[in-house]
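Notes follow the structure.
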Amino acid sequence: MKTDRARLRHDLRTAMTIELATLPTYLYTMMTLRPDRAPARQAIGLIRRVAYEEMLHMALVGNLINALGFETAITDPAYVPDFTQPLPLPGHSTTSNPFTVVLRPFGPEAIATFLDIELPAYDDPGQPTTEGWATIGQFYQGIEAELPTDDAAYGHGRQMAARGNPAAGVLFAITSHATAVAALSEIVHQGEGLGQGHENDGDHELSHYWRFKEVETLLTSGQIDLARDVLPVVADPYAHLGAYTEAQQAANRAFNIAYSELLDALQATFTSAAPEVYGASTTAMEAMPQKAAVLRALGPIPGTDRLAGPTFEYLPRGARG
119 MKTDRARLRH DLRTAMTIEL ATLPTYLYTM MTLRPDRAPA RQAIGLIRRV
169 AYEEMLHMAL VGNLINALGF ETAITDPAYV PDFTQPLPLP GHSTTSNPFT
219 VVLRPFGPEA IATFLDIELP AYDDPGQPTT EGWATIGQFY QGIEAELPTD
269 DAAYGHGRQM AARGNPAAGV LFAITSHATA VAALSEIVHQ GEGLGQGHEN
319 DGDHELSHYW RFKEVETLLT SGQIDLARDV LPVVADPYAH LGAYTEAQQA
369 ANRAFNIAYS ELLDALQATF TSAAPEVYGA STTAMEAMPQ KAAVLRALGP
419 IPGTDRLAGP TFEYLPRGAR G
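The numbers in the numbering used here rise by one with no breaks, and the one at position 305 of the sequence shown is 423.
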């Protein structure tokens, strides 16, 4: 079957969008947990580890995009996740397991969103597809079906060097159809696990879905108390942005500039393939909680008892002031 390169390029760029959309979703919730008590620290660690692995997934997709002679489009407005409104994940089915992503503080609704995103395919089986998919596993299986089988098709573009990260798994170069399939399998297995009855991802680590089930248990068992362990940060921060004080607006803008620089660094990662750039991207992500803390320290949003949260908006270079 002849590969439709235009569709494959779009679907791979969409895969980057989906992976990127998880970072604000998970980080926003993680940053609302108070690290004072062990159960909350455990939840923070579980969520942070998933975020690191989402960075790995982006790197694997980036290597695949480059190997096929395409270019990543992380900062292209058509592919940047937009949290100024509830975000539907691109191509996600509107008839099976429908949901939209809203930035939320830690709580049942946030965890439900996490579990929806990482839902295993065996919980909602369907045909591999990149349109109308119900699970990310289905989406990546759809991409796998589109891949060229000729190994010569994978000889283009820069590759991030193979590297291991105890917090994220293994990044490897894509040089053939087999390594392309292995990359997609790594992403699916880390998210969903190996299949029904297998909670790990193949590296004897819990998959994202089951890590989030552990987080859910910390809440439902009463080990995490919402009033005691969670900062009262607003849900859907962009919807409340108009009520932010001038100082809160400025702190939110500073956060968004830092977030924009993170996305720029990620884009540079896949165009330079320099390991130190990948490290800089990870460092930039680790700086996000401190930026959010500066915003929270400014007190409640006027007229509410909620603290301000960052809106995770990408600002083009010319709009950063």
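Quick reminder that beta carbons are idealized off the backbone N, C-alpha and C, glycines included.
{"query": "Residues of its chain near Pro284, where Cβ-Cβ distance is below 8 Å and the 5 sequence neighbours each way are ignored", "result": "Per-residue confidence for Pro284 stands at a pLDDT of 44, beneath the threshold of 50, marking its modelled position as unreliable; no derived number is given."}
{"query": "Buried versus exposed, by CB contacts within 10 Å (16 or more), Glu431", "result": "buried"}
{"query": "Extent of the continuous alpha helix (DSSP H) run through Lys331", "result": "His326 to Thr338"}
{"query": "Three-way DSSP call (helix, strand, coil) for Val412 in this model", "result": "helix"}
{"query": "Option nearest Ala156 by Cα separation, candidates Thr143, Ala185, Gly340 and Arg414", "result": "Gly340"}
{"query": "Unbroken stretches of the alpha helix (DSSP H), 4 residues or longer, contained in the stretch 134-211", "result": "156-185"}
{"query": "Closest Cα partner of Gln259 within the set Ile419, Ala133 and Leu413", "result": "Ala133"}
{"query": "Ile136 to Leu384 span [Cα, whole Å]", "result": "15 Å"}
{"query": "Per-residue DSSP class, three states only, for Pro418", "result": "strand"}
{"query": "Residues that Leu425 bridges to, as DSSP identifies them", "result": "Val351 and Pro418"}
{"query": "Residue environment, Ser390, which counts as buried when at least 16 other CB atoms sit within 10 Å", "result": "exposed"}
{"query": "Spatially closest choice to Ser303 from Arg159, Leu174, Asp122 and Arg123, by CA coordinates", "result": "Leu174"}
{"query": "Cβ neighbours of Ile292 in the same chain (closer than 7 Å, five flanking residues each side left out)", "result": "Asn181, Leu182, Ala185, Tyr272, Gln277, Ala298 and Ala301"}
{"query": "Helix, strand or coil at Val220 [DSSP, three-state]", "result": "coil"}
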